[in-house]
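Numbering (the working numbering), first residue to last: 14 to 246. Note that beta-carbon positions come from the ideal geometry of N, C-alpha and C, so glycine has one too. Some notes on the structure that comes next.
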C-alpha cells in the first residue's frame, strides 16, 4: 500500500495560486481536467486539480523514499513540489476510470501505467481542508481524511453512531473525527459508502475488524484525522 498526501493550499488561493493552477491543470488527465473546469469556486477548483496531480504521481509510482513508503508513511508533497516533479517526467499519463454508483473510482484494468506490476492497482481518494489523500493498493482500499473542526459532535454521534461510540465520544470529543474517518474509509473500501457504516461499531479495531482488514491511521497531519482501510479477505 502507498499513501499520498498533497497539500493543495496554494492551489486553493485565487490571488497567489492562479499561476500555479494554470501550470498544474496542463499536467492532469482529461477527465480530471474537465471536473476541475466545472468547479464554480476557486477553492474547489484547486482541490480538483490537486486530485489530478496526485493521481499522476500515483500512476507513475512516484516515491521520495521507498523504504518509508513501504511502511505506509505518507508520500507528502506540496502542490508546488508535485508540479515540479511532473514537469520533469514528460507527458501526462492518460488515465481511464470506471465509477460505481456509490462514487467509488477504479482505474480501468490493463492501463499502461508505470506503477502497474501484475495488474492495475485499486485506489481511493479523499480530500478535506488543505489536503488531498490518495491510497493505492493491490487490495480493495479506502482512505478518508477529515479536518478537525469545532462542531457539536454529541448531537451527530448520538444520531448516527453506536451507543459505545457515542459514550466514548462523550468522554473525548476528539474521538469523533477518528471514528468518522474509520467509517468513511471502511465504506469506501467496501464500496457501499458511508450509510452502511453508520450503525456499525468502529470504536475498537483490534477485534473482528482486524480479521478481514488492515488499518492505518497514525500519519495524519496536525489538525486532521486520516485512516486507510485495506480488505485482505
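Inter-residue Cα distance where the pair is residue i and residue j
{"i": "residue 200", "j": "residue 171", "result": "20 Å"}
{"i": "residue 132", "j": "residue 28", "result": "42 Å"}
{"i": "residue 139", "j": "residue 119", "result": "14 Å"}
{"i": "residue 186", "j": "residue 165", "result": "9 Å"}
{"i": "residue 213", "j": "residue 221", "result": "12 Å"}
{"i": "residue 67", "j": "residue 208", "result": "27 Å"}
{"i": "residue 50", "j": "residue 176", "result": "43 Å"}
{"i": "residue 60", "j": "residue 36", "result": "14 Å"}
{"i": "residue 65", "j": "residue 79", "result": "22 Å"}
{"i": "residue 144", "j": "residue 21", "result": "6 Å"}
{"i": "residue 55", "j": "residue 62", "result": "10 Å"}
{"i": "residue 47", "j": "residue 24", "result": "16 Å"}
{"i": "residue 10", "j": "residue 218", "result": "Shown here, the chain extends from 14 to 246; a query on residue 10 therefore has no answer."}
{"i": "residue 224", "j": "residue 189", "result": "23 Å"}
{"i": "residue 26", "j": "residue 173", "result": "34 Å"}
{"i": "residue 158", "j": "residue 104", "result": "30 Å"}
{"i": "residue 194", "j": "residue 151", "result": "21 Å"}
Among the options, nearest to residue i - alpha-carbon criterion
{"i": "residue 100", "options": "207, 31, 41", "result": "41"}
{"i": "residue 232", "options": "60, 82, 73", "result": "82"}
{"i": "residue 110", "options": "44, 50, 69, 128", "result": "44"}
{"i": "residue 33", "options": "96, 128, 192", "result": "96"}
{"i": "residue 236", "options": "141, 224, 219, 223", "result": "141"}
{"i": "residue 18", "options": "88, 117, 168, 179", "result": "88"}
{"i": "residue 69", "options": "216, 204, 57, 147", "result": "147"}
{"i": "residue 168", "options": "183, 159, 93", "result": "183"}
{"i": "residue 204", "options": "160, 228, 135, 161", "result": "135"}
{"i": "residue 75", "options": "15, 161, 162", "result": "15"}
{"i": "residue 149", "options": "161, 71, 162, 30", "result": "71"}
Run of the beta strand (DSSP E) containing residue i, from where it starts to where it stops
{"i": "residue 188", "result": "Segment 188–203 is the alpha helix (DSSP H) holding residue 188; no beta strand (DSSP E) there."}
{"i": "residue 248", "result": "Within the shown structure, residues of the chain are numbered from 14 to 246, placing residue 248 beyond reach of any answer."}
{"i": "residue 41", "result": "Unbroken run through residue 41: none, as it is neither H nor E."}
{"i": "residue 52", "result": "Residue 52 -> no beta strand (DSSP E), and no H or E assigned at all."}
{"i": "residue 111", "result": "110–112"}
{"i": "residue 239", "result": "237–244"}
{"i": "residue 227", "result": "226–229"}
{"i": "residue 127", "result": "Note, residue 127: premise wrong, no beta strand (DSSP E); not H, not E."}
{"i": "residue 10", "result": "In this structure the chain extends from 14 to 246, so residue 10 is not present and cannot be described."}
{"i": "residue 134", "result": "That residue, residue 134, is in no beta strand (DSSP E); it is neither H nor E in DSSP."}
{"i": "residue 118", "result": "118–120"}
First and last residue of the uninterrupted alpha helix (DSSP H) at residue i
{"i": "residue 57", "result": "55–73"}
{"i": "residue 218", "result": "Where residue 218 is concerned, there is no enclosing alpha helix (DSSP H), given that its DSSP letter is neither H nor E."}
Residues near residue i by beta carbon distance below 8 Å, same chain, minus five either side
{"i": "residue 202", "result": "137, 153, 154, 155, 226, 242, 243, 244"}
{"i": "residue 122", "result": "132, 133"}
{"i": "residue 98", "result": "70, 75, 90"}
Residues near residue i by beta carbon distance below 7 Å, same chain, minus five either side
{"i": "residue 73", "result": "102, 106, 127, 128"}
{"i": "residue 86", "result": "232"}
{"i": "residue 93", "result": "23, 33"}
Closer than 7 Å: residue i CB and nearest the ligand SAH heavy atom
{"i": "residue 108", "result": "The ligand SAH is not part of the structure shown, which contains no ligands of any sort."}
Residues near residue i in its chain [Cβ-Cβ closer than 6 Å; skip 5 each side]
{"i": "residue 206", "result": "115, 200"}
{"i": "residue 191", "result": "238"}
{"i": "residue 112", "result": "118"}
{"i": "residue 210", "result": "196, 199, 200"}
{"i": "residue 216", "result": "177, 178, 181"}
{"i": "residue 91", "result": "20"}
{"i": "residue 124", "result": "133"}
**Q.** Uninterrupted alpha helix (DSSP H) stretches inside the segment 142–185 (no shorter than 4 residues)
**A.** 166–173, 176–184
Q.
Could you tell me which whole beta strand (DSSP E) segments of length 3 or greater appear in the segment 77–105?
A. 88–91
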